[in-house]
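Everything below concerns the one structure shown next.
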Amino acid sequence: MELFTNQILAGIATGAIYACMALAVVMIYQAIDHLNFAQGEMAMFATFISWQLMQWGVPYWGAFVITLVLSFLGGIAIERILFKPLAKAPILTNVAGFIALFAIINSCAGLIWDFTIKQYPTPFGSAPFLGSQLISTHQAGMIGVTLLLLIGLFFFFQYTRIGLAMRAAAALPESARLVGINTSWMIALGWGMASAIGAIAGMLIAPVVFLEPNMMGGVLIYGFAAAVLGGLTSPFGAVIGGFLMGIFENLAGTYIPGVGNELKLPIALALIISVLVVKPAGLFGRHIVKRV
Amino acid sequence: MLLSQKLRIAALATAVMTFTSGAALAQKKYDTGASDTEIKIGNIMPYSGPASAYGIIGKTEEAYFKMINDRGGINGRKINFVTYDDGYSPPKAVEQVRKLVESDEVLVVFNPLGTPSNTAIQKYLNAKKIPQLFVATGATKWNDPKNFPWTIGWQPSYQSEAHIYAKYLLKEKPDAKVAILYQNDDFGKDYLKGTKDGFGAKAASMITVEESYEISEPSIDSHIVKIKAANPDVLLIYTTPKFGAQTIKKTAELGWKPLQIITNVSASVGSVMKPAGFDNAQGVLSAAYAKDATDPQWANDVSLKKWNEFVDKYLPGADKTDGGLIYGYGAAQTLAKVLEMCGDDLTRANVMKQAASLKDFIPDTLLPGVKINTGPTDFAPISQLQMQRFKGEKWELFGETISGDVAPE
Amino acid sequence: MSAAEEVVAEGHEAVEAVPKRAMTLGTGTSLVVVVLLLIVPLFTKNFIIFQMTMLLIYGLAVLALNILTGGSGQFSLGQSAFYAIGAYISAVLMEQFNVNYALTLPISGVLCFGVGFLFGKPALRLSGVYLALATFALATAMPQLLKLNFLEQWTGGVQGLVVTKPDAPFGLKMSQDMWLYYFTLAVTLAIYIFSVNLLRSRSGRAFMAIRDNEIAASAMGVDVALYKTLAFGISAGITGVAGGLGAIAVQFVAPDSYTITLAISLFLGMVVGGVGWLPGSFVGAAFIIFVPNIAESISKGLSGAVFGVLLFLVIFLVPHGARQIAIVGQQLIGKLRKT
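Chains X, L and U, in that order, are what the protein sequence lines are.
To convert, note that position 103 of the first sequence is 103 in this note's numbering; the numbers rise steadily by one, no gaps.
To convert, note that position 117 of the second sequence is 117 in this note's numbering; the numbers rise steadily by one, no gaps.
To convert, note that position 97 of the third sequence is 97 in this note's numbering; the numbers rise steadily by one, no gaps.
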């Protein structure tokens with residue numbers, strides 16, 4: 001029983017990583033209607049920038065804020081320079097563009113900062129949280145930040161003019177244009193926000209997994225899976241999806257005899273696919289009805 | 001300075017010998033890839049892809065041969081080091097090695113990295129009788145001169161290292177409950193096997209937990225939680241650097257203090273122990289064969305100074321905490337030694353013969369007491385290791401250098 | 001506006017509609033290509049022949065993806081999984097059961113068809129991003145499945161399996177590489193012709209109807225479920241044959257050979273070659289084999305970045321892939337003829 005609770009707690013702690021990344025995935029999906037394979041790498045690069053700033057003596061929060069601003073602008077710049085010209089190209093060509101971006105960022109980070117792992121500081125400390133050694137104050141802080149982000153996003157999309165405009169631009173671009181929304185800039189804005197949220201995710205994840213150019217590779221797969229499980233249209237669903245993913249993966253690894261440990265990722269993914277077969281839009285996603 | 005002197009003396013010695021012993025030695029013999037002016041060496045490395053962290057080894061070797069060339073080359077011949085990216089993918093490795101052999105026409109393929117890539121090219125190179133020299137992996141199968149006379153290893157094998165840990169535990173903690181955390185690939189499984197072989201009949205009773213993880217997992221915290229639940233006394237950490245650091249950090253966060261032994265691969269002070277936190281790493285054990293450049297105890301070491309000068313001059317800006325710089329330097333120096341021994345007989349057969357007749361050769365980067373020895377039936381150049389314990393901010397070596405040769409099946 | 005222009009001008013559909021006559025090469029061009037493929041190896045080094053063999057093999061795998069995506073409109077990032085299954089089936093049959101290499105290929109093909117068909121069943125309910133994730137999951141899981149302990153006695157586990165390369169039969173005086181090349185070429189041509197005919201057949205029209213508008217297709221009486229799973233099965237089957245050939249050519253199978261990177265490469269091959277244009281598959285295969293080599297020769301440390309930049313250049317210049325070039329070329333020739 002103790003192992004069971006421990007694994008649940010450890011699952012929540014790891015799930016926070018996935019949830020954080022899943023939020024960034026949902027953000028970009030809201031803006032451009034597909035998934036960005038380079039998102040993890042963009043987050044990694046942003047985290048390296050903040051690390052570099054700290055090496056130069058900028059205090060943590062200063063580096064945090066500067067990085068957020070830079071990521072936001074960087075995201076917009078990437079959209080304007082690389083993906084706006086592809087706006088008329090087929091979607092699959094855009095996906096190829098994400099893969100190219102992935103390769104470029106990963107390779108540059110490796111050249112600039114090398115591949116050795118780096119320690120990344122946490123603003124929350126890493127003492128046991130509320131007496132439990134399974135969740136550290138950092139992980140608790142991470143869950144807190146994720147939830148704050150979630151609430152922020154919810155209000156942004158639900159109640160602000162610009163949030164609504166972004167949703168409209170992604171869902172029905174033609175109609176959105178007709179009501180006077182600058183859809184092109186909405187997409188750029190979405191890139192910027194997704195990039196900034198990714199940067200937050202990266203900076204929160206790095207203290208746990210250590211900073212290195214390949215740190216987001218695994219995280220992104222889990223982030224995608226979590227976002228899809230929760231429903232790509234729902235930030236709330238993505239966060240829940242992240243935690244479920246973390247918990248389920250741990251339980252599968254611990255309790256399924258024989259292959260459980262070796263195959264915990266495939267088992268978790270298989271579960272997600274079965275969920276999708278029953279609920280094709282994810283647990284909390286809206287089903288979009290297509291017209292002929 | 002010393003090296004160039006040595007080289008000059010060697011060149012002189014060869015010249016004198018050639019002079020005195022007549023026609024037989026005066027005749028220069030070449031295979032494809034060698035000439036009066038140049039020796040062509042081929043290499044493959046994962047410069048891109050998931051294992052790109054090891055790319056630095058290839059860059060170090062390239063820089064090392066540049067240094068050799070700046071000093072006049074080996075026996076008057078420049079080294080032309082051709083290195084290609086295989087992305088750690090066996091099919092790509094085959095393509096690139098065939099390109100090296102058939103298109104670039106190299107004399108030997110040197111230090112190709114990774115067990116899967118090397119397995120993929122081994123049969124081809126042996127069929128073509130091209131030396132697969134000093135492969136950069138620690139599998140035991142490279143020491144098999146009978147079946148693969150053209151393949152030779154370099155570093156101590158993973159299994160022999162694990163053997164040493166098992167023997168240490170049998171002696172110091174014969175009643176311990178041992179947990180093993182290993183990476184689910186050829187690397188981790190070799191360590192697992194070596195440990196079991198080392199424990200022999202006691203393996204079943206001593207090893208209480210075998211937990212594997214995949215390299216794609218972002219964090220291995222949950223594995224540690226699971227292992228801790230079984231409450232073992234000893235934790236063997238058979239992981240790559242990132243996961244090694246995560247393990248040491250997590251066990252400390254859990255307030256759990258088993259005896260931890262970490263693989264040599266992940267024992268770097270700068271890139272594992274420091275990120276994991278020096279406080280958390282106290283008392284961790286490992287075994288080593290090379291010096292750790294980030295370990296303060298070598299600050300005044302003469303041979304490591306040479307390495308430092310080399311890095312400063314030929315790899316400016318490189319991260320000295322990266323173990324790949326030490327590794328590549330040592331491997332390249334071994335090759336340089338072999339080529340030097342070949343003299344003017346630069347046939348593939350002679351390169352292989354010289355590679356298999358290294359006697360007490362000591363590259364600058366190896367621990368005192370560790371020597372390279374090979375022979376016609378011994379294709380495992382480095383087979384000695386010394387146990388070490390982490391204390392303060394550095395490793396403290398203890399015990400004698402132990403030879404841990406494991407014969408392949 | 002001609003049909004060809006329409007294709008290029010087309011907007012933002014997930015997979016664009018390609019009229020079926022635009023999916024292949026003309027007879028004259030095809031003959032020239034085949035003759036070239038037959039002759040060139042006689043004058044080149046074995047290493048080039050090996051690269052050409054790999055080009056054909058990857059070309060087959062991209063072709064299979066093209067049938068699935070370009071033909072039936074289903075998106076897959078999991079082709080490496082079927083490739084791996086095919087490769088392992090061939091390797092295990094050859095090495096553990098001493099089956100002749102040529103016989104292992106149909107077995108790989110049929111078994112992969114089965115796996116693909118079964119995978120297509122649950123995938124029916126998914127589309128777009130969700131299908132991409134499901135196939136992506138399959139590709140991620142495959143190396144781990146290949147490593148499983150209880151399969152180790154056949155697969156060699158993490159160590160993989162070394163495969164013996166076949167000699168030329170009937171006492172032909174031909175190097176192993178050359179024989180394998182011609183063997184691969186024969187298989188490739190057979191599959192290519194089969195694919196072209198498939199897309200021109202009733203099934204092919206059903207695929208394309210589904211691709212262009214699933215609901216309309218089903219309203220017209222097309223059995224959507226059957227044809228979608230069928231497309232998955234055929235695609236997986238061809239990929240399996242390619243995998244088997246790949247195992248024989250590379251002489252080695254290991255879990256590390258069939259990671260998600262392979263699936264992504266095949267996907268890139270399809271995009272660069274032109275989605276839905278079958279000959280483009282081989283152009284795409286050439287891209288994924290040679291462009292990394294070019295990138296690396298430009299800069300070792302930044303080879304990934306250079307590859308990315310080159311890829312961006314290609315998709316900026318020709319967002320519709322090699323097909324776009326072919327169409328422009330065709331129009332030029334057409335205009336020349338008129339004048």
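The C-beta atom is built at its ideal place from N, Cα and C for all residues, glycine as well.
Source: prediction; values computed, not measured.
- The beta carbon of residue 32 of chain X is closer than 7 Å to those of 170, 187, 190 in its chain, skipping five residues each way along the sequence.
- Taken atom to atom, the span from the alpha-carbon of residue 236 of chain X to that of residue 7 of chain X is near 23 Å.
- At a Cβ-Cβ threshold of 8 Å, residue 80 of chain U and residue 142 of chain U count as neighbours.
- The bridge partners DSSP lists for residue 43 of chain L are L/83.
- Taking a contact to require three or more Cβ pairs closer than 8 Å, the segment 242 to 257 of chain X and the segment 121 to 139 of chain U do not qualify as touching.
- Annotated as distal: residue 218 of chain X and residue 38 of chain L, with beta-carbon spacing of 8 Å or more.
- Listed by position along chain L, the residues whose Cβ is nearer than 8 Å to that of residue 222 of chain X are 218.
- Counting the other Cβ atoms within 10 Å of the Cβ of residue 221 of chain U gives fewer than 16, which makes it exposed.
- The beta-carbon of residue 189 of chain L is placed less than 8 Å from the nearest beta-carbon of chain U.
- Below 8 Å, too few C-beta pairs join the segment 368 to 387 of chain L and the segment 304 to 319 of chain L to call them touching: fewer than three.
- Taking 8 Å as the CB threshold, residue 41 of chain X stays off the interface with chain L.
- Here DSSP, grouped into helix, strand and coil, assigns residue 257 of chain X to coil.
- Looking at the DSSP output, residue 36 of chain L bridges to nothing.
- Taking a C-beta cut-off of 7 Å against chain X, the contacting residues of the segment 198 to 216 of chain L are 211, 212, 214, 216, listed in chain order.
- DSSP, read as helix, strand or coil, puts residue 295 of chain L in coil.
- Counting only the Cα atoms, residue 136 of chain U lies some 30 Å from residue 102 of chain U.
- In this structure, the beta-carbon distance from residue 99 of chain X to residue 264 of chain U falls below 8 Å.
- Residue-level contact by beta carbon holds for residue 228 of chain X and chain U, with a gap shorter than 8 Å.
- Residue 161 of chain L sits in a helix when the DSSP states are folded into three classes.
- Between the alpha carbons of residue 135 of chain L and residue 312 of chain L lies a gap of roughly 26 Å.
- Counting C-beta atoms within 10 angstroms of its own C-beta, residue 202 of chain U has fewer than 16 neighbours from the protein chains shown and is therefore classed as exposed.
- Taking the beta carbon of residue 54 of chain U as reference, the chain L residues within 7 Å of it are 95, listed in sequence order.
- Boundaries of the alpha helix (DSSP H) around residue 267 of chain X: 264 to 278.
- DSSP places residue 399 of chain L inside the beta strand (DSSP E), whose first and last residues are 394 to 403.
- What residue 269 of chain X touches in chain U, judged by beta-carbon distance under 9 Å, is 133, 134, 136, 137, 138, 140, 141, going in chain order.
- Taking 8 Å as the cut-off, the beta carbon of residue 181 of chain L is found no closer than this to the beta carbon of residue 259 of chain L.
- Within the segment 181 to 266 of chain L, the runs of alpha helix (DSSP H) that reach at least 4 residues and sit entirely inside it are, in chain order, 186 to 199, 203 to 206, 221 to 229, 241 to 253.
- Residue contact check for residue 93 of chain X against chain U: a CB pair falls below 8 Å.
- Nothing from the segment 307 to 329 of chain L brings a Cβ to less than 9 Å from some Cβ of chain U.
- Taken in chain order, the complete alpha helix (DSSP H) segments of 4 or more residues contained in the segment 288 to 335 of chain L are 302 to 314.
- DSSP assignment within the segment 25 to 63 of chain X yields the following whole alpha helix (DSSP H) runs of 4 residues or more, N-terminal first: 39 to 55.
- Around residue 176 of chain L, the same chain offers 169, 206, 232, 233, 234, 259 as residues with beta carbons nearer than 8 Å, after the five sequence neighbours per side are excluded.
- Closer than 8 Å at the C-beta level to chain U, one finds no residue of the segment 44 to 63 of chain X.
- Taking 8 Å as the CB threshold, residue 274 of chain L lines the interface with chain X.
- Neighbours of residue 212 of chain U in chain L, taken as residues whose beta carbon is under 7 Å from its own, are absent, since the nearest beta carbon is some 36 Å off.
- Fewer than three beta-carbon pairs drawn from the segment 208 to 228 of chain U and the segment 56 to 63 of chain U are found closer than 8 Å, and the two stretches are therefore not classed as touching.
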